[in-house]
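Student: Supplied in structure tokens, the structure appears directly below.
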Amino acid sequence: MSAFISVLLFGMTRDLTGHSSVLVPIHEPTRVGDLLSQLHQDYPALAGLRTLLVAVNGEYAEVDQEIGPTDEIALIPPVSGG
Amino acid sequence: MIAITVDPIDVAAALKSIELEQAGAIDLFLGVVRNSTQARSVNRLEYEAYDRMAVSEMEKIANEAHQRWPILRYTIIHRKGTLQIGEIAILIGVATAHRGDAFVACRYIIDTIKQTVPIWKKEVFMDGEEWVNALFGLS
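If you read the protein sequences in the order shown, they are chains A and B.
Heads up: take any position in the first sequence, counting from 1, add 1, and you land on our numbering.
Heads up: take any position in the second sequence, counting from 1, add 129, and you land on our numbering.
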């Protein structure tokens, strides 16, 4: 079944994509790694980031974690707080 | 208390919030906006946060610090938005019975925040701007 997943973008990922969030078409079931592959395909400039992690519902996620349209997904480029 | 705020950080209020009679030591760490980075003159910084996750990640760090050291009270306040040179970007306060624990816990908290908390800063120069440490091949 196909659906859309909304992804929040911050910092450099927002600058690279030009959006503060994007809707990504997915085929359920899908995993974090699938989403990252799709985003890298849509936005090749993401490859320039030193690191790119994914948060699911406010927690860092592994690439094999399953995700769906109701999850809050965010891309986490290298952090630089403090 | 853990908070992210767009308002200037009130150091006196933060200190007051962690004072107590059993504390023989209170460490306050202030992260402040510096006027240059790698010999390049900085005009201002712009901080952005994924608020919900930034707070929960800071809670994890504070909980871990609590497990490791006998912390009596603590506060962590991170500012976001546009900050000028000399303004406080982060305040960490730790109250313990003895100074050794306060120093080391405070150091642990700031060092770990820099590694895991989803907050980003952009350096704005006279002639451009740059998200700190984001891309390969840049500073």
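Beta carbons: idealized from backbone N, C-alpha and C, even for Gly.
If you're wondering where the values come from, they're calculated on a predicted model, not measured in any experiment.
Name the chain A residues that come within less than 8 angstroms of Ala-263(B), Cβ to Cβ?
Tutor: One finds Gly-12, Met-13, Leu-50, Arg-51, Pro-78, Pro-79, Ser-81 in chain A with Cβ atoms closer than 8 angstroms to the Cβ of Ala-263(B), taken in chain order.
Student: Report the residues of the region 238-249 of chain B with a CB closer than 8 angstroms to any CB of chain A, ordered along the chain.
Tutor: Ile-239, Ile-242, Lys-243, Gln-244, Thr-245, Val-246, Pro-247, Ile-248, Trp-249
Student: Taking the DSSP output, what are the residues bridged to Lys-250(B)?
Tutor: Per DSSP, Tyr-176(B).
Student: Quick check on Leu-10(A): buried or exposed, where buried means 16 or more other Cβ atoms within 10 Å of its Cβ?
Tutor: Under this definition Leu-10(A) is a buried residue.
Student: Decide yes or no for the touch test of the region 246-258 of chain B against the region 166-185 of chain B: beta carbon pairs closer than 8 angstroms, at least 3 of them.
Tutor: yes
Student: Counting only the same chain and skipping the five closest in sequence on each side, list residues whose C-beta sits under 6 angstroms from that of Glu-214(B).
Tutor: As written in the sequence, residue 214(B) is Ile, which differs from the Glu given in the question. Result list for Ile-214(B): Val-162, Asn-164, in chain order.
Student: Measure the alpha-carbon distance for Pro-79(A) versus Ser-3(A) and round it to whole angstroms.
Tutor: 31 angstroms
Student: Can you confirm whether the region 51-58 of chain A touches the region 218-227 of chain B when touching is taken to mean that 3 or more C-beta pairs between the two stretches lie within less than 8 angstroms?
Tutor: No: the two stretches stay apart, fewer than three of their Cβ pairs being nearer than 8 angstroms.
Student: Pull up the distance between the alpha-carbon of Met-13(A) and that of Tyr-44(A), whole angstroms please.
Tutor: 12 angstroms
Student: Please return the same chain residues whose Cβ sits closer than 8 angstroms to the Cβ of Arg-32(A), not counting the five positions on each side in sequence.
Tutor: Val-64, Asp-65, Gln-66, Glu-67, Ile-68
Student: Looking only at C-alpha atoms, which of Ile-206(B), His-227(B), Lys-189(B), Leu-174(B) sits nearest to Pro-199(B)?
Tutor: His-227(B)
Student: The beta strand (DSSP E) spanning Gln-167(B) covers which residue range?
Tutor: First-last for Gln-167(B): undefined, no H or E at that position.
Student: DSSP puts Val-25(A) in a beta bridge; with which residues?
Tutor: Ile-6(A)
Student: Please look up how many angstroms separate the CB atoms of Ile-131(B) and Glu-188(B), rounded, as I've assumed it's under 8 angstroms.
Tutor: At roughly 6 angstroms, the Cβ-Cβ gap stays under 8 angstroms, so Ile-131(B) and Glu-188(B) are in contact.
Student: I'd like to know if Gly-59(A) contacts chain B, where contact means its C-beta is closer than 7 angstroms to some C-beta of that chain.
Tutor: Answer yes: the Cβ-Cβ gap between Gly-59(A) and chain B drops below 7 angstroms somewhere.
Student: Excluding sequence positions up to five away, which residues of its chain have a Cβ less than 6 angstroms from the Cβ of Asp-156(B)?
Tutor: Close CB contacts of Asp-156(B) within its chain, under the 6 angstroms cut and outside five residues either way in sequence, are with Val-223, Ala-231, Phe-232, Cys-235 (chain order).
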